[in-house]
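Each remark here refers to the structure printed beneath this line.
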Amino acid sequence: MAMAVSGGRRRNGRRKTARMSEINVTPMVDVMLVLLVIFMVTAPLMTTGVPLDLPKGGTEVLANANRSLRISVDEDGVVYLGTDAVSDMTQLIGRVVEMKRANPELGVVISGDKVATYGAVMGVMQALKDAGIEKVGLETGTGAPPAKDAARKPRKKP
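Residue numbers (the working numbering): 7 to 164.
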């Protein structure tokens, strides 16, 4: 009497294989690391603004300064809200008050070029104070030489 022993085979002659239940995450991690490097390199380049030569000041950094509204006064006395030039003070105040209504915690940082007149910078600050904007600060440089910018206009000799 002979008995047939299957030895792990199925009837068709094929072996029974177990399904793979693991996911290989190495390619996904590689892609995420490449994206992280790309964002880390390009994020500093995304900052835009009006090129100013800020006067040197203290090293104290304001809390939440990066979430504040930026107003710039260039060397010719032109006022910018963000990167948009503002034609007159009433337009500037109207836009700032409107933004302040939407976000009551909004602060304002005024950046004045080193050669901008004191009166132009203080005029903007006083107009904001008169409109009821209480969180107003002045931005100064850190003591490092200003970055050379090709878009920067040459200075006028006094």
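Using N, Cα and C, we set each Cβ at its ideal position, and we do this for glycine too.
Rounded Cβ spacing between residue i and residue j (contact assumed at less than 8 Å)
i	j	result
valine 142	lysine 135	7 Å
Cβ neighbour criterion (16 or more within 10 Å) applied to residue i
i	result
lysine 106	buried
aspartate 119	buried
isoleucine 77	buried
isoleucine 44	exposed
valine 79	buried
isoleucine 29	exposed
Close Cβ partners of residue i (< 6 Å) along its chain, the five nearest in sequence each way excluded
i	result
valine 121	Glu81
arginine 25	none
Contact check, residue i vs residue j, beta carbons under 8 Å
i	j	result
leucine 144	isoleucine 116	yes
valine 85	valine 114	no
valine 102	alanine 137	yes
methionine 95	alanine 133	yes
threonine 146	glycine 83	no
Proximal residues to residue i (C-beta, below 7 Å), its chain only, five neighbours per side dropped
i	result
arginine 73	none
8 Å Cβ shell around residue i - same chain, five flanking residues per side excluded
i	result
leucine 75	Leu87, Gly88, Val102, Met105, Leu112, Gly113, Val114, Val115
Check: residue i C-beta below 7 Å from any heavy atom of the ligand NAD
i	result
alanine 122	Among the components of this structure there are no ligands whatsoever, and the ligand NAD is therefore not found.
- Item | Every unbroken beta strand (DSSP E) within the segment 76 to 146, with a cutoff of 3 residues, ordered by chain | Within the segment 76 to 146, the runs of beta strand (DSSP E) that reach at least 3 residues and sit entirely inside it are, in chain order, 85 to 87, 90 to 92, 114 to 118, 142 to 145.
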